[in-house]
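Mapping of the sequence shown onto full-length UniProt numbering: position 225 corresponds to residue 225, and the numbering continues sequentially without gaps. Think of the CB as a built atom: it goes at the ideal place given N, C-alpha and C, for glycine as much as any other residue. The model shown is predicted, which means the values in this text are computed figures rather than measured ones. These notes are about the structure you will find just below.
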Amino acid sequence: MYGHRGVPSLASENTIASYETAAKIPGLKWIEIDVAITEDEQLIIIHDDYLDRTTSISGEISDTSYEIIKNASAGYWFDKKFSEEKVLTFSEFIDIANELKLNVNIELKGTTGKNGPKLFKSYVHQLTKLMDRFDSNIEILFSSFNIPLLKTIQEVMPEYPRAVLYEKCAFYEDWRTVLDFCDTKILHLEEIGLTENLVEIIKSEGYTLNVYTVNEKDRANQLFRWGVDGIFTDVAQHLVHLQN
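Right under this line is the structure:
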């Protein structure tokens with residue numbers, strides 16, 4: 001079971017409050033986070049390419065400096081009691097993960113905008129430098145929709161497991177080749193339209209299958225009966241007891 005961006009049904013996603021909430025849920029051992037990069041090459045924890053949905057400011061992250069982002073509220077949009085929550089840097093997040101003793105699925109976001117190529121190199125370089133700061137007892141899993149980025153991570157940090165992310169609409173017959181290219185047997189697949197037959201095919205060929213984003217108890221139970229290995233959920237407080 002993975003707490004999707006912490007526990008976003010109870011606290012503003014990808015914030016300290018959300019991660020601390022996750023740490024208090026008995027049996028929840030994993031959280032999922034999203035790592036992006038700003039115009040001035042700061043790694044930050046945020047899901048979207050734009051700041052508009054989850055902060056008090058607007059703009060594309062790759063065209064905005066961290067000096068501007070660090071003063072924004074990352075929680076007021078969710079509830080005024082979270083108005084003091086800030087957009088975390090990746091370095092700050094590592095300290096929090098070490099304190100809370102939570103395993104982490106790090107979703108690697110693509111580098112967008114005109115600065116993309118430059119930011120790509122900086123993104124990988126900084127990740128490589130910072131990973132040793134995680135407590136050695138914390139398990140790490142990288143995942144991404146961005147195949148070149150995931151392949152690069154495989155080349156520079158092969159010691160960390162990787163998962164290929166797919167939306168169901170983009171899941172075609174070449175998925176095995178893509179996973180092989182990234183040297184991984186871990187697949188993260190959207191739950192919409194997922195069938196028992198497809199789960200059987202994936203599992204029978206020896207792949208680990210985690211499914212996102214599952215918020216209904218009946219659907220979670222169904223997927224576990226079919227044999228999926230894990231689910232990502234916004235409501236871990238309600239579903240964590242269902243995990244295998």
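The continuous beta strand (DSSP E) containing A163 extends over residues 162-166. Around the beta carbon of T177, fewer than 16 other beta carbons sit within 10 angstroms, so the residue counts as exposed. Contiguous beta strand (DSSP E) elements confined to the region 157-204 occur at 162-166, 186-190, taking only those with 3 or more residues. In this chain, the beta strand (DSSP E) harbouring L141 covers 140-144. Nearest in C-alpha terms to L223, of all of D234, P117, V235, E191, is E191. Between the region 14-34 and the region 117-128, the count of C-beta pairs closer than 8 Å stays below three; the two stretches do not touch.
Annotated three-state conformation of V35 is strand, per DSSP. Unbroken alpha helix (DSSP H) stretches of 4 residues or longer found wholly inside the region 53-106: 66-69, 90-100, given in chain order.
Taking A36 as the centre and dropping the five residues before and after it, the same chain places the C-beta of I44, I46, I61, K109 closer than 7 Å to its C-beta, in chain order. V235 is a Cβ neighbour of N215, given a cutoff of 7 Å. Relative to W77, the option among I96, T64, D52, F90 whose CA is nearest is D52.
Contact between the region 82-100 and the region 10-17 is established, with three or more Cβ pairs separated by less than 8 Å. N115 is not bridged by DSSP to any residue. Sorting H188, P8, N146 by C-alpha distance to the C-alpha of I202 places H188 at the top. Exclusion of the five residues before and after M131 leaves I140, M157, Y160 as the residues of its chain whose Cβ lies within less than 8 Å of its Cβ. Between R5 and L198, the alpha-carbon positions lie close to 27 Å from each other. Distance from the CA atom of E107 to the CA atom of E205, rounded to whole angstroms, is 24 Å.
Cβ-Cβ distances below 7 Å link L209 to L187, L189, V199, I202, K203, V228, D229 in the same chain, with the five nearest sequence neighbours on each side left out; the list follows chain order.
Straight-line measurement puts the Cα of V87 at about 20 Å from the Cα of R133.
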